[in-house]
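Undergrad: Dropping the structure in here first, questions after.
Number of protein chains: 2
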Amino acid sequence: MIDLYYWPGIPGRGEFVRLALEAKNVSYRDVAMEAGDDGMDRLVADMERPRDTAPFAPPYVVADGMTIAQVANILLWLGETQGLAPADMAGRLWVNQCQLTIADMVAEAHDAHHPISPGAYYEEQKDEAKRRAADFRTARMPKFLDWFEQALERRGPWLAGADWSYADTSLFQLIEGLRFAFPKRMATLESGLPRLIALHDAVAALPGIAAYLASDRRQPFGEGIFRHYLELDGAD
Amino acid sequence: MIDLYYWPGIPGRGEFVRLALEAKNVSYRDVAMEAGDDGMDRLVADMERPRDTAPFAPPYVVADGMTIAQVANILLWLGETQGLAPADMAGRLWVNQCQLTIADMVAEAHDAHHPISPGAYYEEQKDEAKRRAADFRTARMPKFLDWFEQALERRGPWLAGADWSYADTSLFQLIEGLRFAFPKRMATLESGLPRLIALHDAVAALPGIAAYLASDRRQPFGEGIFRHYLELDGAD
Numbered sequence: 006m007i008d009l010y011y012w013p014g015i016p017g018r019g020e021f022v023r024l025a026l027e028a029k030n031v032s033y034r035d036v037a038m039e040a041g042d043d044g045m046d047r048l049v050a051d052m053e054r055p056r057d058t059a060p061f062a063p064p065y066v067v068a069d070g071m072t073i074a075q076v077a078n079i080l081l082w083l084g085e086t087q088g089l090a091p092a093d094m095a096g097r098l099w100v101n102q103c104q105l106t107i108a109d110m111v112a113e114a115h116d117a118h119h120p121i122s123p124g125a126y127y128e129e130q131k132d133e134a135k136r137r138a139a140d141f142r143t144a145r146m147p148k149f150l151d152w153f154e155q156a157l158e159r160r161g162p163w164l165a166g167a168d169w170s171y172a173d174t175s176l177f178q179l180i181e182g183l184r185f186a187f188p189k190r191m192a193t194l195e196s197g198l199p200r201l202i203a204l205h206d207a208v209a210a211l212p213g214i215a216a217y218l219a220s221d222r223r224q225p226f227g228e229g230i231f232r233h234y235l236e237l238d239g240a241d
Numbered sequence: 006m007i008d009l010y011y012w013p014g015i016p017g018r019g020e021f022v023r024l025a026l027e028a029k030n031v032s033y034r035d036v037a038m039e040a041g042d043d044g045m046d047r048l049v050a051d052m053e054r055p056r057d058t059a060p061f062a063p064p065y066v067v068a069d070g071m072t073i074a075q076v077a078n079i080l081l082w083l084g085e086t087q088g089l090a091p092a093d094m095a096g097r098l099w100v101n102q103c104q105l106t107i108a109d110m111v112a113e114a115h116d117a118h119h120p121i122s123p124g125a126y127y128e129e130q131k132d133e134a135k136r137r138a139a140d141f142r143t144a145r146m147p148k149f150l151d152w153f154e155q156a157l158e159r160r161g162p163w164l165a166g167a168d169w170s171y172a173d174t175s176l177f178q179l180i181e182g183l184r185f186a187f188p189k190r191m192a193t194l195e196s197g198l199p200r201l202i203a204l205h206d207a208v209a210a211l212p213g214i215a216a217y218l219a220s221d222r223r224q225p226f227g228e229g230i231f232r233h234y235l236e237l238d239g240a241d
């Protein structure tokens with residue numbers, strides 16, 4: 006059994022793990038979510054448990070006697086043990102390379118609304134967020150998204166070629182998050198990203214993902230990594 | 006042969022790869038550095054070469070017919086192929102988890118002086134940098150560094166226990182960088198981090214690292230990830 010631990014009530018970084026598991030129909034428990042009102046207490050109590058490989062932060066999974074943290078690390082492990090990535094060295098490293106690049110963009114999407122302090126409110130860093138979000142929209146979004154588009158042009162239809170991997174489900178979630186947070190900017194950019202949008206739609210159509218998206222396990226975006234503030238979005 | 010490509014003239018993220026290679030006496034070419042005045046041209050020309058697994062950004066290595074990018078991914082590969090990490094699944098994932106947490110802190114150390122835009126000058130974001138660096142010093146530095154200290158308390162003397170790994174050479178470089186960028190803050194914090202400082206010193210004493218640090222291949226910090234601005238440092 007795989008136990009997933011993540012902050013209850015937001016998709017956040019836990020969603021990248023959930024999507025990989027759901028796409029492959031891997032059985033898992035979403036511990037804090039399934040605990041309902043006690044979810045946060047369950048998570049905090051578990052995080053305080055002494056363990057050899059204590060996570061710096063959620064998400065983490067507990068399975069096979071191990072505690073594994075960091076999204077790209079959890080996915081690397083799922084890739085190897087659940088067939089969610091190519092088995093050969095070159096393919097495995099490429100999928101990890103893609104996932105780490107997705108993680109970099111996710112961190113920058115977060116910092117677009119929290120450029121000063123992850124521990125302070127948005128309202129305390131709103132002016133700085135306007136400047137950072139403008140740079141993210143105009144410079145960083147095209148740079149990252151064009152890189153993925155070009156990778157798909159060389160290797161598509163999936164990031165690793167003929168078969169989907171966890172990097173594809175992660176890229177789907179990145180697009181979903183960017184559309185939520187920056188709808189005007191994405192409307193401008195998407196016409197130049199046909200392969201990326203085709204990949205997004207193909208992930209949504211995977212049977213495991215389609216069933217998940219239609220279920221009540223799929224959580225809406227809100228106050229997590231991806232946030233929609235009107236003043237941070239723009240067509241360019 | 007392993008060819009390393011990175012921006013010439015700064016240690017930057019390339020240094021995490023160099024240190025792992027040097028610690029184990031792995032033979033490699035530092036292509037842009039060895040090209041002298043042509044270094045930047047060599048790097049840019051190579052980056053423009055069409056390839057299946059084109060990097061988003063340096064550093065990357067070319068070896069065994071592969072191009073491998075993202076520091077944690079390069080180190081994962083070196084760990085597996087050069088004996089720079091435990092061979093068992095749990096140990097390998099833990100070392101990767103540590104490396105990814107180091108990478109998170111490195112990114113935050115960079116953003117302490119560039120909180121608005123990686124493409125703009127420091128002077129254009131100096132006011133915001135003062136706010137972000139204050140948060141980094143007071144909240145983030147203790148949180149990250151205490152996490153490493155506690156990991157060493159549970160498992161030391163090295164991060165993975167009895168033998169050193171690439172996560173240890175990376176942690177050494179993180180301490181070096183923080184001491185350069187935030188000397189006053191580190192002077193305050195280090196008394197509470199005895200295991201971390203002992204690990205730093207033990208890495209410096211590894212024969213391969215000692216020889217590297219004494220060589221002209223070791224570059225000083227300057228205008229890279231870790232930067233020393235008097236106004237961003239402070240004892241607390």
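Residue numbers (the working numbering), protein chains in the order written: chain A, 6 to 241; chain B, 6 to 241.
Note that the Cβ used here is the ideal one computed from N, Cα and C, for glycine as well.
1. Would you please state the rounded distance, in angstroms, between the beta carbons of residue 169 of chain A and residue 211 of chain A? I believe it to be under 8 Å.
2. Can you have a look at residue 116 of chain A and say buried or exposed, based on whether 16 or more other CB atoms are within 10 angstroms of its CB?
3. Name the chain A residues whose beta carbon is nearer than 8 Å to that of residue 75 of chain B?
4. Helix or strand or just coil, what does DSSP make of residue 221 of chain A?
5. Checking contacts by CB at 9 Å: is residue 116 of chain A closer than that to chain B?
6. Name the DSSP bridge partner or partners of residue 33 of chain A?
7. So, with DSSP's three-state summary, where would you put residue 166 of chain B?
8. Put residue 193 of chain A into one of helix, strand or coil per three-state DSSP.
9. Below 7 Å CB to CB, which residues in the same chain sit around residue 227 of chain B once its five sequence neighbours on both sides are set aside?
10. Mind checking which residues open and close the beta strand (DSSP E) that includes residue 171 of chain A?
11. So, at 6 Å on beta carbons, what are the nonlocal neighbours of residue 187 of chain B in its own chain, with the 5 sequence-adjacent residues on each side left out?
12. Does the region 40-60 of chain A come close enough to the region 76-93 of chain B to have 3 or more Cβ pairs within less than 8 Å?
13. Which chain B residues are close to residue 194 of chain A, counting only those with a beta carbon under 7 Å from its beta carbon?
14. Give the secondary structure of residue 73 of chain A by DSSP, where H, G and I count as helix, E and B as strand, and everything else as coil.
15. Helix, strand or coil: which one does DSSP assign to residue 127 of chain B?
16. Let me know the alpha helix (DSSP H) ranges lying completely inside the region 78-130 of chain B, each 4 residues or longer, listed in chain order.
17. Measuring straight from C-alpha to C-alpha, what distance separates residue 57 of chain B and residue 51 of chain B?
18. Please tell me whether residue 162 of chain B has its Cβ less than 9 Å away from any Cβ of chain A.
19. With contact counted as at least three CB pairs below 8 Å, one residue from each stretch, are the region 122-139 of chain A and the region 119-128 of chain B in contact?
20. Does the beta-carbon of residue 63 of chain B have 16 or more other beta-carbons within 10 angstroms, so that it is buried, or is it exposed?
21. Between the beta-carbon of residue 161 of chain B and the beta-carbon of residue 222 of chain B, is there less than 9 Å?
22. Could you check whether the Cβ of residue 156 of chain B sits closer than 9 Å to any Cβ belonging to chain A?
23. Skipping 5 residues on each side, what residues in its chain have a beta carbon closer than 7 Å to that of residue 190 of chain A?
24. Can you tell me whether residue 232 of chain A is buried or exposed? The criterion is at least 16 other CB atoms within 10 Å of its CB, across all chains shown.
25. Indicate whether residue 90 of chain B and residue 100 of chain B have their beta-carbon atoms separated by less than 9 Å.
26. Please name the residue, chosen from A:129, A:133, A:31, A:126, that lies closest to residue 129 of chain B on a Cα-to-Cα basis.
27. Should residue 52 of chain B be flagged as near chain A, meaning a C-beta pair shorter than 9 Å?
28. Less than 7 Å between C-beta atoms, sequence neighbours within five positions excluded: which residues of the same chain meet that for residue 195 of chain A?
29. Using only the alpha-carbon positions, how far apart do residue 176 of chain B and residue 205 of chain B sit?
30. Which partner residues does residue 65 of chain A have in the DSSP bridge list?
31. Taking residue 42 of chain B as the query, report the chain A residues whose CB atoms sit under 9 Å from its CB, ordered along the chain.
32. With 16 as the cutoff for other CB atoms within 10 Å, does residue 27 of chain A come out buried or exposed?
33. Please classify residue 250 of chain A as buried or exposed, where buried requires at least 16 other C-beta atoms within 10 Å of its C-beta.
34. Excluding the 5 residues preceding and the 5 following residue 1 of chain B in the sequence, name in chain order all residues of the same chain whose CB lies nearer than 7 Å to its CB.
35. Quick check on the burial criterion: 16 or more other C-beta atoms within 10 angstroms. Buried or exposed for residue 183 of chain A?
36. Can residue 33 of chain A and residue 7 of chain A be called in contact, C-beta distance under 9 Å?
TA: So, from the listed chains and residues:
1. 7 Å
2. buried
3. 101, 102, 105, 106
4. coil
5. yes
6. A:7
7. strand
8. helix
9. 15
10. Taken as a continuous stretch (DSSP letters only), residue 171 of chain A belongs to no beta strand (DSSP E), being part of the alpha helix (DSSP H) at 171-186.
11. 238
12. no
13. Correct list: empty, because the minimum Cβ distance to chain B is about 17 Å.
14. strand
15. helix
16. 94-118
17. 13 Å
18. no
19. yes
20. buried
21. no
22. yes
23. 142, 146, 238, 239, 240
24. buried
25. yes
26. A:133
27. no
28. 202
29. 7 Å
30. A:10, A:74
31. What residue 42 of chain B touches in chain A: nothing, since even the nearest Cβ is about 28 Å away.
32. buried
33. Coverage of chain A is limited to positions 6 through 241, which leaves residue 250 of chain A absent and any answer about it impossible.
34. Chain B is shown only over 6 to 241; residue 1 of chain B falls outside these bounds and no answer can be derived.
35. buried
36. yes
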